[in-house]
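Read the structure below first, then the notes.
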Amino acid sequence: MRDGLLELLQKKNRFVSGQEIADTLGISRSAVWKSINRIRQEGYQVEAVTGKGYRIMGMEDAYGENSIRSALKTVWLGRQTVFFDEIDSTNDEVRRRAQKGAEEGLLVAADCQTKGKGRRGRSWENPPGTQIAMSFLLKPDFSPDIAPMLTLVMAMASVEGIRKVTELSVRIKWPNDIVINGKKLVGILTEMTAEPDYIHEVIIGTGINVNIEEFPEELKETATSLYLESGKKWPRALLTGEIINSFEKYYEIFRQTGTFSELREEYNKLCINAGRRVCVLDPKGEFEAQAQGINDKGELIVTKDDGSVVNVFAGEVSVRGIYGYV
Ligand code: ATP
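Its first residue numbered 65, the sequence shown is counted upward by one per residue in the numbering used here.
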């Protein structure tokens, strides 16, 4: 239950005594104490000093190298984590570091990206203080055609991590978005440097709309945030940690075969397109079809109206619902 404590502490931006909080909000001293604990559980850092009262640390203090590290339970992913208040693109930063010899598992996160990227040269909006922008480095020992599948692995991890923290029923829109209530919450961009039969590196970048209160006009119809869906602000470091923990878990399963054989069933349960009619936006020509789910290669199996079955490869393709974005 919200009682205005968080907003009060943020607005005052100084120490506020327990008595002043109780008087302002019209609640008891013990309710103040309970409320302080609740917002701490949400990931906010609240400083308590005897004789002075309580003061909230800025959101940025709760989202940084240390807070992300303390949320990680991984063996190798994110063991090296670097955080920026502002960066052009977390994918580009991972690439620059990879070129200088960074090791597999490097995680770069930022409060704000000035040139956040989407697929096919599109941009990703990333205002400060409200989003997760993160990218990590993989050096998989597989042929380059597995790269699109890693996007799908990241989508599964994002859903699991977000559900764990928020309990919101987020789903995957094949291949690279996480959606809720018909709107986009997360975008994933996988980039690769490779020879024809050898991968140098794969960079998986993820942008998550966590605490965004309002979107620009052109995104209002299709974009949403965890805040807009739940009415609550969420701790970005904890979300980042849970998603990274999930990715490592799913990736270990994926890398045993380099296919989706073990993960396909679970993916299809999380995928909002499975069993629905979709519009396939293929640069070679758009068509409508009935989506079944993914195959072991991560391709979307669809049945066209003439009865033919087509496996849609993720590379250049987006899907839409028949009546809207999903
Ligand atoms: P689509 O979402 O159209 O199916 P896509 O998944 O390939 O295609 P991306 O390349 O991942 O899209 O993301 C870029 C697009 O996402 C932009 O063109 C813009 O429409 C939208 N977008 C940009 N910033 C955000 C944001 N913060 N939240 C939600 N959507 C965004």
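Even glycine gets a Cβ: it sits at the ideal position worked out from N, Cα and C.
All figures in this text were calculated on a predicted structure; none of them were measured in a lab.
Of Y108, S94, C176 and S92, the smallest CA-CA separation from E71 is found for Y108.
Per DSSP, E231 is not a residue of any beta strand (DSSP E), being assigned neither H nor E. The beta carbon of S207 sits closer than 7 Å to those of D261, all from its chain and outside the five residues before and after it, given in chain order. Secondary structure at M121: coil, using DSSP grouped into helix, strand and coil. With a cutoff of 8 Å, Q195 counts as near the ligand ATP, since its C-beta is closer than that to a heavy atom of the ligand.
Contact annotation: the region 133 to 147 does not touch the region 242 to 252, with fewer than three C-beta pairs closer than 8 Å.
Annotated as proximal: S289 and N275, with beta-carbon spacing under 9 Å. Per DSSP, reduced to three states, the secondary structure at T286 is coil, with no helix or strand assignment. Boundaries for D175: no beta strand (DSSP E) harbours it, and the DSSP string shows neither H nor E there. DSSP links Q195 through a beta bridge to N273. By the neighbour-count criterion, in which a residue is buried when 16 or more other Cβ atoms sit within 10 angstroms of its Cβ, V223 is buried. Residue burial is scored here from C-beta neighbours: S153 has at least 16 other C-beta atoms within 10 angstroms and is therefore classed as buried. Look at the beta carbons and you see the region 207 to 217 touching the region 234 to 241: at least three pairs across the two are nearer than 8 Å.
Under the three-state reduction of DSSP output, T154 falls in the helix class. In the displayed model, R78 falls within coil according to three-state DSSP, outside both helix and strand.
When DSSP states are grouped into helix, strand and coil, V390 belongs to the coil group. Under DSSP, N375 takes part in a beta bridge, and its partners are I365. Between L253 and I268, the CB-CB gap stays under 9 Å.
Rounded to whole angstroms, the gap between the alpha carbons of N337 and Y389 is 11 Å. Under the DSSP assignment, K248 falls in the beta strand (DSSP E) whose first and last residues are K247 to E259.
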